[in-house]
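Here the protein sequences come in this chain order: D and U. Just so we're aligned: the first sequence equals residues 26 to 129 in the working numbering. Just so we're aligned: the second sequence equals residues 829 to 1191 in the working numbering. Each residue gets a CB set at the ideal place from its N, CA and C atoms; glycine is no exception. All values derive from a computational prediction rather than experimental measurement. This report concerns only the one structure given below.
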Amino acid sequence: MRIQQHPILQFPHDQVIHFTFDGKPVAGIAGDTIASALHNLGVRVLSHSVEKGRARGFYCAIGNCASCNMIVDGVPNVRTCITPLKEGMVVKTQRNKGVLHEHL
Amino acid sequence: MNTYELVIIGGGPAGLSAAKVAAEAGLHSLVIERDYKIGGQLVKQTHMFFGSEKQYAKTRGIDIASILIDDVKRHPDKIEVMTGTTVVGLYPDHVITLLQGEEYKKIKAEAIIIATGASEKFLAFENNDLPGIYGAGAVQTLMNVHGVLPGHDVVMVGSGNIGLIVSYQLMQAGVNVKMVLEAADTIGGYKVHASKLKRLGVDIRTRMSVKKAIGTTELNQIEIAWLDDSWQFIDGTEQRVDVDALCISVGLSPLSSLAAMIGCEMKFVPLLGGNVPIIDEYHETTVKNVFVAGDVCGVEEASSAIVEGYYAGLMVAKRLGHEHPDFAARKADYETQLDNLRSGPFGEKTRLGLLELRGERHV
């Protein structure tokens, strides 16, 4: 859900950025991080705890707490709160500690 | 391996201010920032600052960020900025390892200023990891930087200045702030911020806190309860509140792990927010040529971080043989500014904390 009107700030909603989330084609806008684009789409579960599989969302928004780590373009443990959204990104929910991606 | 005169870790108010003064003194520096943009937490602060004109009082945080970024851009030959880069290692021989995307790099520095700031504290309660529970500062970033709302109905835990200010900004953005909970007897932040909320009809409840969060994969409800004199929940006073977002604003901890890693002697000083490096009057740690500025050496406001940054930049430049032309006047001015910022009742924590850090006060 995006802010439509604000007494101090302006948020231009012009440039659409397409990406996929768990295989589904979705979109954000220029200026989004991966986490903010997903929040706008109502997606708040970004990762799962390793042992008990508990749902995790983002907490700190400064790249510190690891609660928003996801798999982005095949790379696990990407801090989605400080990673700008880019056209064509493939974003997936992470359910483990992360495995080295195929080409390494 | 590239060697820099000065490496500044952190591109927030302290780091940018340090780079500015160091550049004015003739020193080259590299500013490393893990976020994709510089400006630190000022970039989301839509409220106007207090203090004096020298720290941009009556100016919104977002505008102070622009001023500090412009200051740095005025010295393109002296200041290099690296964003999207995380310092992952800091070693006693001044080797710094960086993570940039998937690439590791090594650089060296003659002097280092650690200006890594602080992170929001967490609060222990049942189900506190449910998505929908955020740091208050994180919510401020989500709405004021990205224009995305955290939910419809929010409860804020903590009535310090961040809790009060973010609650007000949530209301400005059209979110319903159901209540602000404060475990202590009295509201923690400035009365002016609390009054603004009260005028908007927000319920600020003291001696109350959150006992548990309820929801399966996302937050739907919280259970709140009264606290007794020893800060324990009073049985039978529980109430349920429907919320889709809960903000935790219970203080900040200095992000001082890099200082510990390079071998700085540390001290746990709760009044300064937690574990902080021991520093001398010039903001130098116990490791030679490693300085600190801003919240990393004691949680305060951005105004103090700016002045501490100027001060550390001035001192480092002198150490490396680039004494600022106005060294004596600047030094005295920054010291006076810091004293003034810490003079009122809200500065007491820092005043006492610094005495404790220097071993001049025992608890």
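For D1063(U), the nearest candidate out of A1053(U), T1114(U), G929(U), T1034(U) (CA to CA): A1053(U)
Cβ-based neighbour list, R1179(U), same chain, cut-off 7 Å, excluding 5 preceding and 5 following: R1170
is_contact[N972(U), chain D] using C-beta, thresh 8 Å: yes
As assigned by DSSP and simplified to three states, the class of D1108(U): coil
8 Å CB neighbourhood of V916(U) in its chain, flanking five on each side removed: T925, L926, L927, Y932
Below-8 Å beta-carbon distance, R27(D) vs any chain U residue: yes
Interface residues of the segment 996–1017 of chain U facing chain D [CB-CB below 8 Å]: Q1000, A1001, G1002
Where E833(U) falls, given that 16 or more other Cβ within 10 Å makes a residue buried: buried
Whole alpha helix (DSSP H) elements within the segment 839–880 of chain U, 4-residue minimum: 841–852
Pick from G1016(U), S1023(U), H922(U), K1024(U) that is closest to T1034(U), judged by C-alpha positions: G1016(U)
Assigned secondary structure, P1082(U) (DSSP; H/G/I helix, E/B strand, else coil): strand
Local Cβ density within 10 Å of L1025(U), reported as buried at 16 or more and exposed below that: buried
Coil, strand or helix - S92(D) by DSSP: coil
4-residue-minimum alpha helix (DSSP H) runs that sit fully inside the segment 1012–1067 of chain U, ordered along the chain: 1019–1027
Residues near L129(D) by beta carbon distance below 6 Å, same chain, minus five either side: The predicted model places L129(D) with a pLDDT of 49, which falls under 50 and marks its position as unreliable, so this point remains unresolved.
CB contact below 8 Å: P904(U) versus chain D: no
Nearest residue (CA-CA) to K77(D), options F877(U), L958(U), G838(U): L958(U)
Beta-carbon proximity check, A964(U) vs C1075(U), cutoff 8 Å: yes
Chain D contact residues for E947(U), given Cβ-Cβ distances below 9 Å: Checking the sequence, you will find Ser at residue 947(U) rather than Glu. Under the 9 Å cutoff, chain D gives C85, I87, N89, C90.
Residue-level contact to chain U via CB, I42(D), 8 Å cutoff: no
Backbone CA spacing between V1115(U) and K117(D) [nearest angstrom]: 43 Å
Euclidean distance between Cα positions of N1103(U) and L870(U): 23 Å
Interface residues of chain D facing G838(U) [CB-CB closer than 7 Å]: Ordered by position in chain D, no residue passes the 7 Å Cβ test against G838(U), which lies about 11 Å from the chain.
Rounded separation between I1008(U) and S1077(U) - CA only: Position check: residue 1008(U) holds Val in this sequence, whereas Ile was assumed. Approximately 10 Å, taken between the alpha carbons.
Coarse secondary structure for S797(U), derived from DSSP in three states: Shown here, chain U extends from 829 to 1191; a query on residue 797(U) therefore has no answer.
Residue from H875(U), M829(U), K882(U) whose Cα sits closest to the Cα of V1135(U): K882(U)
Chain-ordered neighbours of T58(D) on chain U, where CB pairs are closer than 7 Å: H974
Terminal residues of the alpha helix (DSSP H) in which M999(U) lies: 989–1000
C-alpha distance - M26(D) paired with P109(D), whole-angstrom precision: 18 Å
Validate contact between the segment 895–914 of chain U and the segment 1040–1049 of chain U using beta carbons, cut 8 Å, 3 pairs: no
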